[in-house]
Amino acid sequence: MEYNFREIEKRWQQQWKETGAYKVSNSSSKPKYYVLDMFPYPSGAGLHVGHPLGYIASDIFARYKRLKGFNVLHPMGYDAFGLPAEQYAIDHGIHPAVSTEKNINTFRKQLDNIGFCYDWDREIRTSDPEYYKWTQWIFLRLFKSWFNRKTKKAESIDELIKIFETEGNINHEIPNSRFQISNLSAAADLKSPVFSAANWASFDEFTQQSILMEYRLAYCGYGEVNWCEALGTVLANDEVINGVSERGGHPVVKKKLRQWYLRITEYADRLQNDLDTLEWSDAMKEMQTNWIGRSSGAEIVFKLASPPAPLREEKGLGDEATPGVRVYTTRPDTIFGVDFMVLAPEHELVEQITTPEQKATVDEYVAWVKSRSERERMAEKKISGCFTGAYAINPLSGKEIPIWISEYVLAGYGTGAIMAVPSGDERDHKFAQYFGIPITNIFGDVYKGDEAIADKNVTLYNSGFITGLKVKDAAEEVIEWLEDNGNGERKINYKMRDAAFSRQRYWGEPFPIIWKDGIAYPLKESELPLELPHVDSYKPGPEGEGPLANISSWVDIPTLDGDPTGLRRETNTMPGYAGSSWYFLRYMDPHNKEIFCDREVSDYWNQVDLYIGGTEHAVGHLLYSRMWTKALYDLGYIGFNEPFKKLVNQGMIQGSSRFVYRFTSVSFGNSIQDAGKGFISDSNEEESYPIFISYSIYQKYLDKEISKRDLLNLINEAGNTTFIPVDENDFEIALLKIHVDVNIVDGIELDIEAFKRWRNYEYSNARFVLENGKYICGTEIEKMSKSKFNTVNPDDLVNKYGADTFRMYEMFLGPVEQSKPWDTKGIEGVHRFLKKLWRLFYDEAGPTWTLAAPTSLERAEDEPTAEELKVLHRTIKKIEEDTERFSFNTAVSAFMIAVNELTELKCNKKSILEKLLVLLAPYAPHISEELWRQLGNTGSVLDAAYPVFEEKYVTESSKSYPIAVNGKTRTEITIALDATQQQVEEIVMADAVVQKWLGGKAPKKIIYVKNRMINVVI
RNA sequence: GCCCCGGUGGUGGAAUUGGUAGACACGCAGGACUUAAAAUCCUGUGACCCGCAACGGUCGUAACGGUUCAACUCCGUUCCGGGGCACCA
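The opening residue of the first sequence carries number 32 in the numbering used here; numbering runs sequentially from there.
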């Protein structure tokens, strides 16, 4: 009987579906285990072989845990809101809900093909109103909460109101250093307004609400966005290139828009500290740590040296109006080495302090910087800057230092100003050198003048009262001095900024917020979900608002009689990460109508035990879900404060692209002969022939191994064309490198006939410059994507080899965490392995076992031999260990070894083989189930007992030791494992090979590592 | 510019704590079976040297250096590839 994978896989998938084999209950006496994949965005392109890598890994682990006796939750769903569907709607007029539904169905079909054990009754879609009802609900919880810095947790805003009513905000100052609501900052003076209970009572509703907004975890403020007037829309950072839009090349300017934010900065400390409780890779933790960017140092006030009189008079400023410049530094110890100060060009003081002489230069520089994107400023290597003409006074040394501005200082971090210490900071050093600013040496002989001293184990020189101290002690001394003298204070800073939480788009969750007179009022819970209205146009609204602003019937809320009320709905929608920040909770209790997830249920499932996904979400999704989890925990809705206990990052499967090289034109000086038009000597001058040049010939031409003239001759020959250079030396050949579909290339050889049919016969009349009669393609490893024609569809492979082969091959490719290019070639080997496994059950004579006679008595019930048991138990140990450490590629090879060895032993004993099937079931469930049943088992292999490893079957009494002489292996000797050092030495010394290498000398010593090796040192 | 990950045969990769480098596959070459093909099976396969051969030797994990009885593994320097970034003071 043949291994008929198509029939087998179809039959078992059907049966598992009918019996609800993957249905998971929320109550069980078994221990729980929660395995989760990062859910996919259902793109129109469908799945390619890169997607299932992580899904297969998690599926194997989920099945393994189930066999090990756990109640395993392993759900799947769709992150269904997103920009591509909206763009598709703009381009094709298809409603995003329609295209999304269609894409989801495609995804589902493709996923089902691979035989995953998802409990599809728990499927969720973030765009489903039944789902986003709860996204909106959680948003309202965040809106109605604030972060109490005293208790370090989120609390109800009602508590805060009570505090204000009794004591004002004396104990709870406004968390952000800058006000987000402009009206308030205008009304209140200075940075940190403190008000009393009496003040609070006297405020009108608008002022009270504006103040509360400064505390809410989800709040409204103003932020700069990339605004493109021509497109009438807001652009993402990577849609802006060199100050113009990626599409169309229109100018892009910064525009302030009202935006929603999440006050994630309040959680910075907890997000940082709790990383210690997680089983994530160090690289991942490092990325989050860098993003949070906690640093400690000092904020120091530098008084301005008497500001230029003309300016002071012109602006009517007195001395008291120049309070100084605050800088943040992590190296207060280097204060005596400050040679200049640098402000961000956007810094509010720049305008005030610039001297008339410098004004023109400064204005020009500031204008130039404003035209540059944040990306550009970041990647810029060239030093640029500009002197303001003003000076500041170092509070410790009293020294006057020049104040510069430069794009390398960012307005959004710290105070937007730095004290520059060239001898201690590389960037400051380069800046000083570039502009010829004198450098003060505070490191004595250690500083040579050519580069800054970053080493923190040095002693300070030339540093006033901290001279002779080490970095750490000096920093403490300086901070104490600053605090004592009122010139600054100790400060902890974070790189992280609050998360922008609104988008000017249609296809996202609407905010359950209504505005009236500048005050945001939340909808009642009973009014949720606030559903997306139907629109006919997806064009942006006025003033950078989203498409929702165009639907006045939805935006404006009249009274029952239709009178205008001034009530207006929020027109922003939530960003992509809103729905994905909490979805792992909904899977636990997906159909609950009362609450997003019942507390008892979330108490049972608790954290996600294993989360598998790519590193691209390292700082976005993973930080936001951690914050949402912490907030929900603080508010008592769940009982754990970290969502994902263990995280495994799957590598990217890269595409292996193939290229053809098309000849496009020959140019002679100013004239161009275009290959597409004329110059073709065939019957019809109008006809054009695309001509393609095989890779090696192209490469030889690039390497100048063949001349331009030779290449032109080859082209003329292949194309039957008559390109003739007017001047033998002065002509250029233009060639175009084009991606070609990898599916019509065998290895690197182009299937010419398929190529002619490709792209709807676009190249049906193509002609080729071949090598040895073949067209060879160029190759490159790059991202797998449809536009690069390097995607491979899993459906094709499943159809050809079966799901079991596909699953195992994806794993066999290499470690899950590692990125690697896809190559279909090796899949044959894995398929052969499954066929070989099958032959252990069905020999040449036909079926050894059938359902009617499940066991062949005389053979199957034979006692297994010691050899067979050894193979089995070695395999049990290896598979279990490898599965536990996610080393699936080595597990697959262990299966291959086991089958090879059992074939060698001609073993077809049921007691051996059926245990092997259980081990294999997580990896290749279909064939395992089929053979398991063929062996006469009535239950499913999905719930079989996992084989238990027994040491006794694999213990050896001796080992073949490698014998090295001076570290180089020279021979092998089999020695009993319990041999003593002395016995080993005797055996080794008696060996002829060892004697040969000793050459009569006595060894210095003999190193004997039990069960490892022996080394003879001469 | 900064951060992270990686570099091992023709290819994907293995070597889990420093202890026989190249497991397991792919590919390739040769052979068996077959009229033939497919399928299957067997043998060989890092490079180089010596030799009729068994055996043996030298080199070899990006490059160079170091630690060690012993280094793909640890340390230092350099080069190359991939990914990320908010120049974070």
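All residues carry an ideal CB built from backbone N, CA and C; glycine is no exception. The structure displayed is predicted, hence computed values, not measured ones.
{"Asked": "Does glycine 644 come out as helix, strand or coil in the three-state DSSP assignment?", "Found": "strand"}
{"Asked": "Using a Cβ-Cβ cut-off of 8 Å (strictly less than) and excluding sequence neighbours within five positions of isoleucine 125, which residues of its own chain qualify?", "Found": "Tyr119"}
{"Asked": "Histidine 105: buried (16+ other C-beta within 10 angstroms of its C-beta) or exposed?", "Found": "buried"}
{"Asked": "Given 8 Å as the limit, is there contact between the stretch 507-525 and the stretch 234-241, that is, 3 or more CB pairs closer than that?", "Found": "no"}
{"Asked": "For alanine 662 and leucine 844, I'd like the C-alpha separation in whole angstroms.", "Found": "41 Å"}
{"Asked": "Any idea if lysine 946 is buried or exposed, counting beta-carbon neighbours within 10 angstroms, 16 or more meaning buried?", "Found": "buried"}
{"Asked": "Kindly identify the DSSP beta-bridge partner or partners of aspartate 68.", "Found": "Ile643"}
{"Asked": "Which partner residues does threonine 1005 have in the DSSP bridge list?", "Found": "Ser991"}
{"Asked": "Are the stretch 185-194 and the stretch 591-601 touching, with three or more C-beta to C-beta distances below 8 Å?", "Found": "no"}
{"Asked": "If distances are taken between C-alpha atoms only, which option among Met1044, Tyr977, Pro621, Phe864 comes closest to threonine 1002?", "Found": "Met1044"}
{"Asked": "Unbroken beta strand (DSSP E) runs of length 3 or more, entirely within the stretch 405-442: which are they?", "Found": "417-424, 431-436"}
{"Asked": "Using 10 angstroms around the beta-carbon of phenylalanine 496, count the other beta-carbons present and answer buried if the total reaches 16, otherwise exposed.", "Found": "exposed"}
{"Asked": "Measure the alpha-carbon distance for arginine 42 versus glutamate 49 and round it to whole angstroms.", "Found": "11 Å"}
{"Asked": "Which residue wins for smallest C-alpha separation from histidine 378, given the options Leu441, Lys430, Gln319?", "Found": "Leu441"}
{"Asked": "With a threshold of 6 Å on Cβ separation, who are the neighbours of tryptophan 869 within its own chain once the five nearest residues in sequence on each side are excluded?", "Found": "Tyr34"}
{"Asked": "When DSSP labels each residue in this structure, what does aspartate 835 get in the three-state scheme?", "Found": "helix"}
{"Asked": "Just tell me which of Ser74, Tyr1039, Gly860 has its CA closest to the CA of proline 127.", "Found": "Ser74"}
{"Asked": "Closest to glutamate 932 by C-alpha separation, out of Gly967, Glu912, Thr590, Leu871, would be which residue?", "Found": "Leu871"}
{"Asked": "DSSP three-state label for asparagine 214, please.", "Found": "Legend: pLDDT at asparagine 214 = 49, less than 50; position of this residue unreliable, no value from coordinates given."}
{"Asked": "Taking isoleucine 1037 as the reference, which of Asp476, Lys1027, Ile1018, Asn102 has the closest Cα?", "Found": "Ile1018"}
{"Asked": "Secondary structure at lysine 48, three-state DSSP: helix, strand or coil?", "Found": "helix"}
{"Asked": "Is it right to say proline 589 is buried, meaning 16 or more other beta carbons lie within 10 angstroms of its own, or is it exposed?", "Found": "exposed"}
{"Asked": "Can we say the stretch 640-651 touches the stretch 561-575, given the rule of at least three CB pairs closer than 8 Å?", "Found": "no"}
{"Asked": "Start and end of the beta strand (DSSP E) containing glutamate 763?", "Found": "763-771"}
{"Asked": "From this set, Asp90, Ser233, Ile366, Arg289, which residue's C-alpha is nearest alanine 531's C-alpha?", "Found": "Arg289"}
{"Asked": "Exposed or buried, glycine 475, counting other C-beta atoms within 10 Å across all chains shown (16 or more means buried)?", "Found": "exposed"}
{"Asked": "Going by DSSP, name the residue or residues bridged to tryptophan 291.", "Found": "Cys251"}
{"Asked": "By how many angstroms is the C-alpha of tryptophan 853 removed from the C-alpha of tyrosine 732?", "Found": "29 Å"}
{"Asked": "Report the residue from Ile523, Ser584, Ser583, Thr602 whose alpha carbon sits nearest the alpha carbon of isoleucine 545.", "Found": "Thr602"}
{"Asked": "Any chance you could list the beta strand (DSSP E) runs of at least 3 consecutive residues sitting entirely within the stretch 787-817, in chain order?", "Found": "798-800, 809-814"}
{"Asked": "Can you tell me which residues form a DSSP beta bridge with cysteine 259?", "Found": "Thr264"}
{"Asked": "Could you please give me the residues that DSSP links to valine 679 through a beta bridge?", "Found": "Ile643"}
{"Asked": "Identify, in the order they occur along the chain, each residue of the same chain with its Cβ nearer than 8 Å to the Cβ of glutamate 117, setting aside the five sequence neighbours on each side.", "Found": "Pro127, Arg536, Tyr537, Trp538, Tyr569"}
{"Asked": "Taking the alpha carbon of tyrosine 292 as the point to measure from, which residue in Ser59, Asp529, Phe147, Met1020 has its own alpha carbon closest?", "Found": "Asp529"}
{"Asked": "Kindly indicate which residue of Ile470, Asn751, Phe627 has the alpha-carbon position closest to the one of glutamate 160.", "Found": "One detail in the question is off: residue 160 reads as proline in this sequence, not glutamate. Here the closest residue by C-alpha is Phe627."}
{"Asked": "From glutamate 961 to asparagine 920, what distance separates their C-alpha atoms?", "Found": "24 Å"}
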